[in-house]
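Respectively, the protein sequence lines represent chains A and B.
Just so we're aligned: 144 in numbering that gives the first Met the number 0 is position 145 of the first sequence, and the numbers increase by one with no gaps anywhere.
Just so we're aligned: 228 in numbering that gives the first Met the number 0 is position 229 of the second sequence, and the numbers increase by one with no gaps anywhere.
We put the CB at the ideal spot given by N, CA and C, even for glycine.
Quick caveat, the model's predicted, so the values are computed rather than measured.
Read the structure below first, then the notes.
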Amino acid sequence: MSTAQLAATCKQVRRDIINMTANAGSGHPGGSLSAVELMVSVFDRMRIDAKKPHDENRDRFVLSKGHSAPCYYAVLAHHGFIDRAEYANFRQLHSILQGHPDAKKIPGIDASTGSLGQGCSIAVGMALGAKHRGMSDVKVYTLLGDGEMQEGQIWEACMAAAHYKLDNLTVIVDNNGLQIDGRNDEVMSLGDLAAKMRAFGFEVFELADGHDLDAIAAALDAAVPAGKPKCIIAHTVKGKGVSFMENQVGWHGKAPNEEQRAQALKELEG
Amino acid sequence: MEKIATREAYGKALVELGAQDARVVVLDADLAGATQTKIFKAAYPDRFYNAGIAEANMVNMAAGLSTMGLVPFCSSFAMFAAGRAYEQIRNSVAYPRFNVKVCATHAGVSVGEDGGSHQCIEDIALMRAIPGMTVIVPADANEARAATFALAEFEGPAYMRLARLATPVFEGDMVKPFELGKANVLREGKDVAVFACGLMVSEALEAAKILAADGIDAAVINIHTIKPIDSECVMKYAKQCGHVVTVEEHSTIGGLGDAVADVLMGKVNCSFKKIGVEDRFGQSGKAADVLREYGLTADQIAENIKASLS
Ligand SMILES: Cc1ncc(C[n+]2csc(CCOP(=O)(O)OP(=O)(O)O)c2C)c(N)n1
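If you want it as structure tokens, here you go:
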């Protein structure tokens with residue numbers, strides 16, 4: 000898709016995030032909004048088909064930061080995996096749109112996540128499985144939060160990715176600088192993340208603007224040396240696109256009320 | 000009588016399984032020698048993945064591998080598989096119902112010298128509490144082999160509990176076919192129904208012989224599948240005998256005893272006695288001495304059963 004088309008999709012995804020969380024009266028708008036361009040761009044590249052959601056040769060995506068489910072669902076809906084009518088049921092009893100992604104409930108979701116720190120390992124297993132079976136076309140993507148990287152298991156996964164030479168794996172960090180209790184740097188600083196990922200054996204691409212679709216495309220499409228997993232550290236803005244949510248830690252896990260919904264949707268008209 | 004550890008039978012069975020099922024891959028976390036997955040590694044080096052000392056990552060890599068059409072068996076000690084990686088098993092394997100087999104060795108106090116830090120007595124409780132989880136505890140080497148094959152056939156998340164200690168391999172009449180979820184009656188009896196699992200099955204059989212000499216006719220039932228439990232068999236023998244005893248090398252909190260009690264509670268009128276590790280940690284010692292310290296030898300079990308009947 001063209002950059003303009005992708006930008007339009009991003010706007011739609013943002014409106015969907017606002018509507019889903021407002022409808023439910025709960026959910027995670029902040030970390031959903033920061034991830035929009037990243038997820039939209041990844042899905043634009045993935046070889047997937049809603050008519051064949053279990054096709055063995057499809058690319059895989061693991062939303063390690065599972066709380067960004069509203070963004071994920073909106074992107075999946077855009078690709079025909081979810082009917083938009085389901086949005087009304089987000090976080091409701093018996094809904095396929097669980098608060099955090101449930102692989103049992105939606106074909107197209109490759110792993111159940113929500114407990115932070117685990118998705119990267121699952122993606123490593125998928126990439127290893129693709130290598131094991133000689134499925135050389137299969138690419139595996141996973142999206143992590145920067146706060147999530149405080150989990151020790153992430154580093155176990157990174158070590159394994161390099162050890163098993165998983166050049167079919169792309170680890171993307173939605174580096175919005177905020178978590179729940181405050182700024183990452185206050186809560187538990189990650190230090191020089193790019194240097195750490197390099198030291199762990201990744202080919203690192205750092206994006207100053209993690210909402211720049213062309214920059215994201217370039218990083219996603221960039222070749223890596225054989226045997227090296229890729230890491231894209233995208234500097235993003237938590238709550239991006241909704242003025243009163245941007246860079247506000249308080250919008251991590253709080254839904255907009257009706258007034259706020261209206262204002263947000265107005266800002267996201269397009 | 001020949002003695003073989005269930006972990007060794009598991010390691011050997013993996014090789015046999017590997018020969019006939021190309022989907023099988025094996026993971027370990029730097030304990031391949033102890034868990035015996037090294038046997039598979041030697042036979043199929045390119046189907047063995049070491050996760051390093053990183054059990055959480057091992058379990059989730061297995062989850063990922065399972066989504067690629069492979070059947071991963073992953074092993075570590077019970078303490079680190081069911082314990083350290085509990086939540087990974089819960090959330091990334093069982094919740095999505097992925098086809099991962101967690102086969103943990105060195106369960107129970109029979110680990111011996113390594114002591115309490117390495118003697119997992121809570122794994123059955125942890126694993127059976129997870130919705131939809133299959134939990135297996137083979138009683139001897141043959142059963143461990145059969146269970147390994149059965150797990151490969153079975154589609155879904157499962158936990159198998161294996162032991163370090165070499166224990167008697169059942170012979171003759173005691174050798175029964177293994178069917179997931181189907182208990183094996185090893186000895187008929189009318190006075191007391193003894194339900195046991197793992198290493199305690201052979202102890203329970205010995206205990207039954209001692210009891211027989213005292214005129215007590217004990218039925219001994221091997222509950223190799225803790226979950227889903229063979230309720231029919233449990234009900235039948237509880238009714239038939241009116242007295243129930245469970246024996247396990249596990250905490251009496253949440254293990255086999257509770258699984259059997261859950262079947263019977265409010266349904267069958269019977270006396271009930273749980274024999275196991277009673278809210279204590281394990282400790283170092285020779286396996287036989289440790290088992291004795293915790294009241295898990297045949298003569299102690301017989302005494303305990305006799306006392307519960309009077
Ligand atoms: C293991 C685990 N611990 C805690 C939480 C609760 N939690 C949900 S989101 C979050 C903060 C995540 O921060 P970050 O990864 O930076 O995500 P983002 O800011 O992009 O939303 C926490 C602590 C969790 N879901 N899982």
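Could you name the residues that DSSP lists as bridge partners for residue i?
{"i": "B:P167", "result": "B:K2"}
{"i": "B:L26", "result": "B:Y48, B:C73"}
{"i": "A:N18", "result": "A:N18 pairs with nothing; no bridge assigned."}
{"i": "A:N174", "result": "A:H234"}
{"i": "A:T169", "result": "A:Y140, A:K229"}
{"i": "B:Y158", "result": "B:V101, B:V134"}
{"i": "B:F194", "result": "B:I220, B:T245"}
{"i": "B:L204", "result": "Answer is none; B:L204 lacks a bridge partner."}
{"i": "B:N183", "result": "B:N221"}
{"i": "A:R59", "result": "A:V139"}
{"i": "B:C119", "result": "B:A106"}
{"i": "A:E202", "result": "A:K229"}
Here's a check: name, in chain order, each residue in its chain whose Cβ is nearer than 7 Å to the Cβ of residue i, leaving out the five neighbours to either side.
{"i": "A:A49", "result": "H78, G79, F80, G107"}
{"i": "B:E1", "result": "V168"}
{"i": "A:A207", "result": "H234"}
In three-state terms, what does DSSP make of residue i?
{"i": "B:S250", "result": "strand"}
{"i": "B:I310", "result": "Chain B is shown from 0 up to 309; residue 310 of chain B falls before or after that span and cannot be answered."}
{"i": "A:R132", "result": "coil"}
{"i": "A:K103", "result": "coil"}
{"i": "A:C119", "result": "helix"}
{"i": "B:F271", "result": "strand"}
{"i": "B:I300", "result": "helix"}
{"i": "B:D288", "result": "helix"}
{"i": "A:G144", "result": "strand"}
{"i": "A:L92", "result": "coil"}
{"i": "A:E36", "result": "helix"}
{"i": "A:V241", "result": "coil"}
{"i": "A:L267", "result": "coil"}
By Cβ distance, which residues of its chain are closer than 6 Å to residue i, with the 5 residues on each side in sequence left out?
{"i": "B:A206", "result": "A297, I300, A301"}
{"i": "A:R115", "result": "Checking the sequence, you will find Leu at residue 115 of chain A rather than Arg. Answer for A:L115: E147, E150, listed in chain order."}
{"i": "A:G98", "result": "R90"}
{"i": "B:R144", "result": "A8, A12"}
Within 7 Å: the Cβ of residue i and any heavy atom of ligand 1?
{"i": "A:K237", "result": "yes"}
{"i": "A:I171", "result": "no"}
{"i": "A:D101", "result": "no"}
{"i": "A:E147", "result": "yes"}
{"i": "B:N141", "result": "no"}
{"i": "A:H66", "result": "yes"}
{"i": "B:G254", "result": "no"}
{"i": "A:L192", "result": "no"}
{"i": "A:I17", "result": "no"}
{"i": "A:Q97", "result": "no"}
{"i": "B:Q87", "result": "no"}
{"i": "A:G116", "result": "yes"}
{"i": "A:T33", "result": "The residue you asked about is not Thr; residue 33 of chain A is Ser in the sequence shown. A:S33: yes, Cβ under 7 Å from ligand 1."}
{"i": "A:Q178", "result": "yes"}
{"i": "B:N59", "result": "no"}
{"i": "A:H162", "result": "no"}
{"i": "A:H27", "result": "yes"}
I'd like to know whether the C-beta atoms of residue i and residue j end up nearer to each other than 8 Å.
{"i": "B:A28", "j": "B:G10", "result": "no"}
{"i": "A:E147", "j": "A:K64", "result": "yes"}
{"i": "B:S270", "j": "B:H249", "result": "no"}
{"i": "A:D15", "j": "A:A73", "result": "yes"}
{"i": "A:G30", "j": "A:D173", "result": "yes"}
For residue i, which residues of its own chain have a beta-carbon under 8 Å away from its beta-carbon, when the five flanking residues on both sides are left out?
{"i": "A:D166", "result": "V223, P224, A225, G226, K227, P228, K229"}
{"i": "B:G131", "result": "A93, R96, G155, P156"}
{"i": "B:F47", "result": "V24, V25, L26, D27, A31, T36, F39, K40"}
{"i": "A:H93", "result": "none"}
{"i": "A:D191", "result": "none"}
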